[in-house]
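In what follows, a single structure is set out as structure tokens and then discussed.
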Amino acid sequence: MKTENQKAWFFVAPVLILVAFNAIIPMMTVVNYSVQETFGDNLFFWEGLTWFEQILRSERFHAALGRQFFFTAMILLIEIPLGIAIALSMPRKGFWVPVCLVLMALPMLIPWNVVGAMWNIFALPDIGLLGYFLNHVLGINYDMTQDPVAAWVTIITMDVWHWTSLVVLLSYAGLVSIPDAYYQAAKIDGASNWSVFRFIQLPKMKSVLTIAILLRFMDSFNIYTEPFVLTGGGPGNSTTLLSIDLVKIALGQFDLGPAAAMSLIYFAITLFVSWLFYTLMTKDDLN
Amino acid sequence: MAKITLKNLRHSYYPDPKGPQDFALKEVDLDWQDGGAYALLGPSGCGKSTLLNIISGLLVPSEGQILFDGQDVTTLPPDQRNIAQVFQFPVIYDTMTVRENLAFPLKNRGVDPAIIEKRVAEIAEMLEVTDMLDRKAAGLSPDNKQKISMGRGLVRDDVNVVMFDEPLTVIDPHLKWKLRTKLKELHQRVSHTMIYVTHDQTEALTFADQVVVMQLGEVVQIGTPEELFERPAHTFVGHFIGSPGMNVLPAEVKDGQALFAGRAVALEGPINAGASGQLEIGIRPEFVRLADTGIPATVTRVADVGRHTVVEATVGTHKVAAIQNGPAPQKGDEVHLHFTPEHTRLYADGWIATTPAQKESAA
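Same order as they appear, the protein sequences are chains B and U. The numbering of the first sequence is my numbering, which starts it at 113 and goes up by one. The numbering of the second sequence is my numbering, which starts it at 370 and goes up by one.
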């Protein structure tokens, strides 16, 4: 006979309460808004799935979602290979290791809105170091407040500058955990540098890279502060990413119902893509 | 396959070594015969891994030369030396199957696919891993992983030497014995020169035809397991090999006669001329008998280890171990120790300083 008791629930309870207060209850408030119409004074009218339908059919949402996916794809395509490349070229022993690590970590220590403000000033065509240099020294016509391409280039460069370090540090942690014997064995086996990367370094970095990709996906997909401070979504709507658009609808237009529906759809997409990444990247480990 | 010669080899990990204490390897001169099974035995930090890495080319020695069949390879990188090495911890390529792992060293050298397939099949057969050839190597147990590592070393039939760097460290005790036997068997089948590095005397003595014993960066003795046991050339060898190790007792010499605790002790033969410095008598516990006459001693500890009893007795302040097969004495008993003369030797500054007397041929 197996004796059972329910004491285990007491141990789980604190976590459940915590999660309830910081995730479930706030989210339920959003669910509440997403199916009703309100005009203030705590007056609510049932609307069902109207807001969801409206958002899913809205061209404005489609455009913002498209920009969001483009932004995230660019971020992953640049930051992951670049981060791995930098990690591979960092020293693994000696005096320069802590120097490199601290230099790498610096951008990540700067608050989001400061990064946005820094790059905003940096890129100003008449007085910013970068803007002035491009326009007046190299003679390239660059103005991110006027030209959507310039705005995009600046936003992506800013994010690469801010967050590639995260990929570097995670990859580096994976690299230094590889015992010397692997490199020695590969030398004796006559493996080329590419084989060493393909069959030793990359497989050993896989689990940290999974984390890096997940973190960079979620972070870049939900990004708000930096592009908002840098371009404010402009010029026009050219850099209005999902979260910027969401805030415009919720706080600019005060359309709380559609904004709530949009944030739930937004959340569902983030959750689904993260799950997909994770499942695909850890598929082999289960066999 | 080749004869390996190490000439005046010295190595220091310091860029600018000041004196002998800065050298991890002090003056090694060695010949490894083609096809031999060698063990490199010594405690941790004695320089055996350094020596191994110098032979494989992972390290370039500070001084001296390495010759493969008379050809200088001192500065050649590992892949051009045609050697194989098996490491302490199994090294396998996680994303490859067992078959791909075994084929990897051949594939990198552009060997014909038909030959690769044949070699891999042969090696898998020898190592008894044929049924797992198509499995991912990452999922194997540690001993199978280590077998694959060994397989990658053995799969090339043109290697000059296969080296093993404490390969059984991570293997369960009951599988250790199995893999060791396998290795011995493999040596007989493939007849490559093999060098096996270990700090475990059992591993060294069971695997090798010739054991090279190292201490503090020096080779102290080279010999068959029997020679090392029967007549250690250095007190270190005597102490390191055997369980318990050789008794090393302070001695004095007066008129060509060795004295221990004031009593004359008969040796295997005459003391070499010029023996001086720190003098010690060495005798293995196996050859110390409890007798009616001899050196008086007090039994301080008796340990029954199954096959025999290890008796520890003190003479004055010196401990002497004796292995006893018959009835054992009690703790506190007063006994007399008798040292078998033909196994009793004098050591001067650690090195043997007696010459065995000519044995009578009719004995």
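In this text, a Cβ means the ideal position worked out from N, Cα and C, and glycines have one as well. All values reported here derive from a predicted model rather than from experimental measurement.
How about residue i and residue j: are their beta carbons less than 8 angstroms apart?
i	j	result
Glu711 (chain U)	Glu637 (chain U)	yes
Ile664 (chain U)	Asn616 (chain U)	no
Ala380 (chain B)	Ala371 (chain B)	no
Trp158 (chain B)	Gln166 (chain B)	no
Leu375 (chain U)	Leu399 (chain U)	yes
Leu502 (chain U)	Thr466 (chain U)	yes
Glu599 (chain U)	Lys395 (chain U)	no
Ala176 (chain B)	Asp301 (chain B)	no
Leu282 (chain B)	Val320 (chain B)	yes
Trp720 (chain U)	His603 (chain U)	yes
Arg450 (chain U)	Gly433 (chain U)	no
Ile540 (chain U)	Leu548 (chain U)	yes
Ala506 (chain U)	Ile517 (chain U)	yes
Trp387 (chain B)	Arg328 (chain B)	no
Pro386 (chain U)	Ser431 (chain U)	yes
So who's on the other strand from residue i, going by DSSP bridges?
i	result
Ile640 (chain U)	U:Thr723
Gln440 (chain U)	U:Phe437
Asp400 (chain U)	U:Thr374
Phe708 (chain U)	U:Val657
Arg645 (chain U)	Checking the sequence shown, residue 645 (chain U) turns out to be Ser, not Arg. Answer by DSSP bridge pairing: none, since Ser645 (chain U) is not bridged.
Gly505 (chain U)	A quick correction: the sequence has Lys, not Gly, at residue 505 (chain U). Lys505 (chain U) pairs with U:Thr466.
Asp673 (chain U)	U:Thr678
Gly790 (chain U)	Only positions 370 to 732 of chain U appear in this structure, which leaves residue 790 (chain U) out of reach.
Pro665 (chain U)	U:His705
Leu409 (chain U)	U:Val566, U:Val581
For a test of the three-state rule: what should DSSP assign to residue i, helix, strand or coil?
i	result
Pro339 (chain B)	helix
His274 (chain B)	helix
Gly414 (chain U)	coil
His556 (chain U)	helix
His568 (chain U)	coil
Ala690 (chain U)	strand
Pro619 (chain U)	strand
Gln515 (chain U)	helix
Asp534 (chain U)	strand
Ile591 (chain U)	strand
Phe605 (chain U)	helix
Val580 (chain U)	strand
Leu394 (chain U)	strand
His380 (chain U)	strand
Arg632 (chain U)	strand
Phe245 (chain B)	helix
Phe151 (chain B)	coil
Ile361 (chain B)	helix
Ala132 (chain B)	helix
Ser730 (chain U)	Bear in mind that the predicted position of Ser730 (chain U) carries a pLDDT of just 46, short of 50, making it unreliable; the figure below should be weighed with that in mind. Coil at Ser730 (chain U), not helix or strand.
Thr394 (chain B)	helix
Among the options, whose alpha-carbon lies nearest the alpha-carbon of residue i?
i	options	result
Gly479 (chain U)	U:Gln699, U:Val455, U:Arg525, U:Gln515	U:Arg525
Ser277 (chain B)	B:Gly364, B:Ile233, B:Leu213, B:Asn253	B:Leu213
Pro193 (chain B)	B:Val280, B:Ser304, B:Leu388	B:Val280
Ala577 (chain U)	U:Gly586, U:Glu587, U:Glu595	U:Glu595
Leu236 (chain B)	B:Phe173, B:Met140, B:Ala263, B:Leu327	B:Ala263
Leu242 (chain B)	B:Val265, B:Ala324, B:Leu130, B:Leu221	B:Val265
Lys372 (chain U)	U:Asp438, U:Lys551, U:Lys688, U:Tyr716	U:Asp438
Pro260 (chain B)	B:Val124, B:Gly346, B:Leu282, B:Leu250	B:Gly346
Ser560 (chain U)	U:Asp403, U:Ala483, U:Leu421	U:Asp403
Ala303 (chain B)	U:Arg521, U:Asp441, U:Ile692	U:Arg521
Gly611 (chain U)	U:Val622, U:Leu597, U:Ala602, U:Glu621	U:Leu597
Trp224 (chain B)	B:Gln365, B:Asn334, B:Gly364, B:Pro315	B:Asn334
Leu428 (chain U)	U:Lys547, U:Arg379, U:Val684	U:Arg379
Ala726 (chain U)	U:Leu471, U:Gly675, U:Asn641	U:Asn641
Thr257 (chain B)	B:Phe133, B:Ser332, B:Ile290, B:Gly348	B:Gly348
Met393 (chain B)	B:Arg310, B:Ile233, B:Leu326	B:Leu326
Pro696 (chain U)	U:Val671, U:Leu715, U:Asp718	U:Val671
Leu445 (chain U)	U:Val397, U:Glu486, U:Phe458, U:Ile424	U:Ile424
Ser381 (chain U)	U:Trp401, U:Leu420, U:Ala406	U:Leu420
Asp331 (chain B)	B:Ala185, B:Met139, B:Ala120, B:Pro126	B:Ala185
Lys545 (chain U)	U:Thr571, U:Lys700, U:Thr593	U:Thr571
Does the ligand NAP have even one heavy atom less than 7 angstroms from the beta-carbon of residue i?
i	result
Gly663 (chain U)	With respect to small molecules bound, the structure shown includes none, and the ligand NAP cannot be examined in it.
**Prompt:** Counting Cβ pairs, one atom from each stretch, are 3 or more of them under 8 angstroms apart for the stretch 458-474 of chain U and the stretch 410-417 of chain U?
**Reply:** no
**Request:** Decide if the stretch 274-290 of chain B is in contact with the stretch 190-203 of chain B; the criterion is three or more beta carbon pairs, one per stretch, under 8 angstroms apart.
**Result:** yes
**Asked** When the Cβ atoms of the stretch 621-635 of chain U are set against those of the stretch 588-607 of chain U, are three or more pairs found closer than 8 angstroms?
**Response** no
**Message:** Quick check: the stretch 395-413 of chain U against the stretch 376-394 of chain B, are at least 3 beta-carbon pairs closer than 8 angstroms?
**Reply:** no
**Message:** Count Cβ pairs between the stretch 546-566 of chain U and the stretch 516-531 of chain U that sit closer than 8 angstroms; are there 3 or more?
**Reply:** yes
**Request:** Taking 8 angstroms as the threshold, find out whether the stretch 701-709 of chain U comes into contact with the stretch 660-677 of chain U through three or more Cβ pairs.
**Result:** yes
**Asked** Are three or more beta carbon pairs between the stretch 311-318 of chain B and the stretch 336-352 of chain B nearer than 8 angstroms?
**Response** no
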